[in-house]
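Using numbering that gives the first Met the number 0, the first residue of the sequence shown is number 0, and each one after it goes up by one.
One structure is given below, encoded as structure tokens.
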Amino acid sequence: MTLLIPLLGDQLTPTLASLRDVDRTRAVVLMMEVWDEATYVRHHQKKIALIFSAMRHFAAALRDDGWTVDYVALDARGNTQSFTGEVARAARRHRASAIRTVAGGEYRVRQAQDGWAARTALPVEILEDDRFVCPLPDFFAWAQRSRERRMEFFYREMRRRSGLLMTADGKPEGGQWNFDHDNRAGPTAGRNYPAPLRFAPDETTREVLALVAERFGDHFGALEPFALPVTRAQALQALDQFVDEALPDFGRYQDAMVAGQDYLFHSSLSLCLNLGLLGPVEVCEAAVRAYARGRAPINSVEGFVRQIIGWREYMRGMYWWDMPAFAERNALDATRPLPDFYWTGETDMRCLAEAVDQTRREAYAHHIQRLMVLGNFALLAGVAPAAISDWFLVVYFDAYEWVELPNVVGMSQFADGGVIASKPYVASGAYIDRMSDYCGRCRYDVKQKTGEGACPFNALYWDFVARHEQRFARNPRMRNVYATWRRFDEARRAEYRDSARAFLATLEPAAAGWAREQT
Ligand code: FAD
Ligand code: DLZ
Ligand code: SF4
Numbered sequence: 000m001t002l003l004i005p006l007l008g009d010q011l012t013p014t015l016a017s018l019r020d021v022d023r024t025r026a027v028v029l030m031m032e033v034w035d036e037a038t039y040v041r042h043h044q045k046k047i048a049l050i051f052s053a054m055r056h057f058a059a060a061l062r063d064d065g066w067t068v069d070y071v072a073l074d075a076r077g078n079t080q081s082f083t084g085e086v087a088r089a090a091r092r093h094r095a096s097a098i099r100t101v102a103g104g105e106y107r108v109r110q111a112q113d114g115w116a117a118r119t120a121l122p123v124e125i126l127e128d129d130r131f132v133c134p135l136p137d138f139f140a141w142a143q144r145s146r147e148r149r150m151e152f153f154y155r156e157m158r159r160r161s162g163l164l165m166t167a168d169g170k171p172e173g174g175q176w177n178f179d180h181d182n183r184a185g186p187t188a189g190r191n192y193p194a195p196l197r198f199a200p201d202e203t204t205r206e207v208l209a210l211v212a213e214r215f216g217d218h219f220g221a222l223e224p225f226a227l228p229v230t231r232a233q234a235l236q237a238l239d240q241f242v243d244e245a246l247p248d249f250g251r252y253q254d255a256m257v258a259g260q261d262y263l264f265h266s267s268l269s270l271c272l273n274l275g276l277l278g279p280v281e282v283c284e285a286a287v288r289a290y291a292r293g294r295a296p297i298n299s300v301e302g303f304v305r306q307i308i309g310w311r312e313y314m315r316g317m318y319w320w321d322m323p324a325f326a327e328r329n330a331l332d333a334t335r336p337l338p339d340f341y342w343t344g345e346t347d348m349r350c351l352a353e354a355v356d357q358t359r360r361e362a363y364a365h366h367i368q369r370l371m372v373l374g375n376f377a378l379l380a381g382v383a384p385a386a387i388s389d390w391f392l393v394v395y396f397d398a399y400e401w402v403e404l405p406n407v408v409g410m411s412q413f414a415d416g417g418v419i420a421s422k423p424y425v426a427s428g429a430y431i432d433r434m435s436d437y438c439g440r441c442r443y444d445v446k447q448k449t450g451e452g453a454c455p456f457n458a459l460y461w462d463f464v465a466r467h468e469q470r471f472a473r474n475p476r477m478r479n480v481y482a483t484w485r486r487f488d489e490a491r492r493a494e495y496r497d498s499a500r501a502f503l504a505t506l507e508p509a510a511a512g513w514a515r516e517q518t
């Protein structure tokens, strides 16, 4: 009687549902490095190394804890290179009598799990992933009864449910649910920024780095230097350092962008959260403790908690609510191929060149770079949502489809028609200039509106406004924008549109094969 427990690469949590209440002497945990997962999109090299290294460290920790772990390395003999193939092989190898696993975080994987019973002729128990504050059935119930499925309303329920930042009489701490209006400072000259902790690779990580260099060396991104946390102990250190050094200013500078500063006051904890090395509640509790001790102000702590129990949980719910249709959404009928500079970084637009360069080096960019530079440009230029979504899924160390897709297709590209975002996240150069120090040394002039030498975001912005007038003119949050557009005379409107057209004609489409293997 052997229970086989397949455990996926983003399920690195010792208290995972499938590991609870199990007789360890009769169970085998199966972990699999498989080509299918490493190449369903051609992930950034650092992301593959991170996941393989974290998986290997987690397997070692489970063994230390008394579990029998069958770890199938990528190059192991007979590896079929798919989850289903490996589950079937392991079921035979261990003469398993039953299979118990936690639901995969991605639709594709969850579909595969549904086929395991037929493939192995064994009973398969697929448990809900309970590492979130909001179970999916509760999210669906909320979505069903909500007229407007906006994050802000959902977030208040999560505050009440978790008790985080709630007073004893059930009121929001600090008297408000949301302190976002305090969180809009641009960069301040002369500020020092805390660097996230960097962890020297140990022998396990070095072996993985050699493997990734050999097998995935033609994928996007720099493999080394590699300094990411790969164990729970390292993740906890990273959390402590963030709370002590960055959290106090997290809120104020949340939307700022500074050349050469990859992280500012952001936590970079998404990688630990999404792998399961840290849980959402413990991370929020650490921030709330800092607030209680007077070490971090309410605008920072509330902002941070909102990102995790608000946005992160909401995005997961929306993903499962709308899949598989979500992946096909394209409300604005955008069809442009992805410009090649997203892969090469070769563009004179400094904001984009900075964002792509740090993405290549670090497999990381912070939220405002993702939303208001990389996403904003794709939306303004009319890039096909599936093309920009593939790019985001490849390049970030925290990118799993359940969180990437709703952020890109929903929030950033408005391709869901305005379910997640109440207005499109578009901005001209003036916004980027206000929130960053990029424009000063850009070849383009952010103040110039049209023509050669003008910041391309300016004409693209008004071209977007014009292209989508029918859809957005009646949106209350776009009323002022359209009032301005209508005040422009014909000649000025034509100048914007011609300038945008001329710029778009210069964009080189990316070569095929960067994001997905060519068939
Ligand atoms: P912080 O700024 O320190 O925020 C704290 C935590 O809040 C993050 O670690 C993250 O877990 C959570 N969080 C913040 N915003 C969001 C959000 N919108 N959705 C979900 N969680 C959030 N996040 C991912 O985890 N994976 C992705 O693939 C991803 N793709 C994105 C693509 C686009 C176009 C956009 C606009 C956002 C995307 N995000 C994604 C959300 C967000 O940008 C990242 O979570 C964040 O930048 C991670 O860096 P951090 O840990 O330093 O975040
Ligand atoms: C992203 C990823 C990669 C690159 N490789 C593996 C792997 O070899 N084995 C594994 O178990 N998981 C991997 N992952 C993460 C999976 O894609 C992840 O488990 C799914 O996203 C869960 O839905
Ligand atoms: Fe980006 Fe325009 Fe500023 Fe250049 S001028 S950095 S293109 S916003």
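Where is the CB? At the ideal position from N, CA and C, for every residue including glycine.
Bear in mind the structure is a predicted one, so any value in this text is a computation, not a measurement.
Residue i, enclosing alpha helix (DSSP H) - first and last residue
{"i": "Pro136", "result": "Leu135 to Arg144"}
{"i": "Glu124", "result": "Element bounds for Glu124: not the alpha helix (DSSP H) but the beta strand (DSSP E), Val123 to Leu126."}
{"i": "Leu208", "result": "Glu202 to Phe215"}
{"i": "Met410", "result": "That residue, Met410, is in no alpha helix (DSSP H); it is neither H nor E in DSSP."}
{"i": "Pro384", "result": "Pro384 to Val394"}
Residue i versus residue j: straight-line alpha-carbon distance, rounded
{"i": "Phe396", "j": "Asp497", "result": "39 Å"}
{"i": "Trp319", "j": "Leu135", "result": "8 Å"}
{"i": "Tyr424", "j": "Ala26", "result": "49 Å"}
{"i": "Asp339", "j": "Met256", "result": "23 Å"}
{"i": "Ala232", "j": "Ala53", "result": "11 Å"}
{"i": "Val207", "j": "Ser161", "result": "38 Å"}
{"i": "Gly65", "j": "Val71", "result": "18 Å"}
{"i": "Trp513", "j": "His218", "result": "7 Å"}
{"i": "Leu73", "j": "Leu222", "result": "18 Å"}
{"i": "Asp129", "j": "Val280", "result": "12 Å"}
{"i": "Val287", "j": "Leu272", "result": "17 Å"}
{"i": "Arg328", "j": "Cys454", "result": "30 Å"}
{"i": "Thr166", "j": "Glu172", "result": "6 Å"}
{"i": "Ile50", "j": "Gly278", "result": "17 Å"}
{"i": "Gly259", "j": "Cys441", "result": "14 Å"}
{"i": "Asn457", "j": "Phe463", "result": "10 Å"}
{"i": "Ala465", "j": "Trp484", "result": "8 Å"}
{"i": "Glu151", "j": "Arg118", "result": "43 Å"}
{"i": "Gly103", "j": "Asp9", "result": "9 Å"}
{"i": "Gln143", "j": "Ser17", "result": "29 Å"}
{"i": "Gln80", "j": "Val86", "result": "11 Å"}
{"i": "Glu124", "j": "Ala90", "result": "14 Å"}
{"i": "Gln412", "j": "Gln517", "result": "25 Å"}
{"i": "Asn177", "j": "Asn298", "result": "8 Å"}
Heavy atom of ligand 1 within 7 Å of residue i beta-carbon
{"i": "Glu403", "result": "yes"}
{"i": "Asn273", "result": "yes"}
{"i": "His42", "result": "no"}
{"i": "Val132", "result": "no"}
{"i": "Val287", "result": "no"}
{"i": "Ser411", "result": "yes"}
{"i": "Arg359", "result": "no"}
{"i": "Gln110", "result": "no"}
Burial state of residue i (16 or more Cβ within 10 Å)
{"i": "Ala37", "result": "buried"}
{"i": "Leu2", "result": "buried"}
{"i": "Ser96", "result": "exposed"}
{"i": "Thr505", "result": "exposed"}
{"i": "Asn191", "result": "exposed"}
{"i": "Ala324", "result": "exposed"}
{"i": "Ser145", "result": "exposed"}
{"i": "Gly428", "result": "buried"}
{"i": "Pro224", "result": "exposed"}
{"i": "Leu164", "result": "buried"}
{"i": "Asn182", "result": "buried"}
Any non-hydrogen atom of ligand 3 closer than 7 Å to residue i Cβ
{"i": "Arg349", "result": "yes"}
{"i": "Phe456", "result": "yes"}
{"i": "Cys441", "result": "yes"}
{"i": "Ile431", "result": "yes"}
{"i": "Tyr341", "result": "no"}
{"i": "Gly428", "result": "yes"}
{"i": "Tyr424", "result": "no"}
{"i": "Val355", "result": "no"}
{"i": "Cys283", "result": "no"}
Minimum Cβ-Cβ distance from residue i to chain B less than 8 Å
{"i": "Arg149", "result": "Among the chains in the structure shown there is no chain B, since it carries only a single protein chain."}
Delimiting residues of the beta strand (DSSP E) encompassing residue i
{"i": "Arg311", "result": "Careful: Arg311 lies outside any beta strand (DSSP E) and carries neither H nor E."}
{"i": "Val27", "result": "Ala26 to Met31"}
{"i": "Pro475", "result": "That residue, Pro475, is in no beta strand (DSSP E); it is neither H nor E in DSSP."}
{"i": "Val280", "result": "Where Val280 is concerned, there is no enclosing beta strand (DSSP E), although the alpha helix (DSSP H) it sits in stretches over Pro279 to Ala291."}
Query raised in the report: Who sits around ligand 2, taking every residue whose Cβ is closer than 6 Å to one of its heavy atoms?
Result: Of all residues, those with a beta-carbon under 6 Å from at least one heavy atom of ligand 2 are Leu7, Gly8, Asp9, Met31, Glu32, Val33, Glu36, Ala37, His42, Ile47, Ile50, Gly103, Gly104, Glu105, Val108 and Tyr399, reported in chain order.
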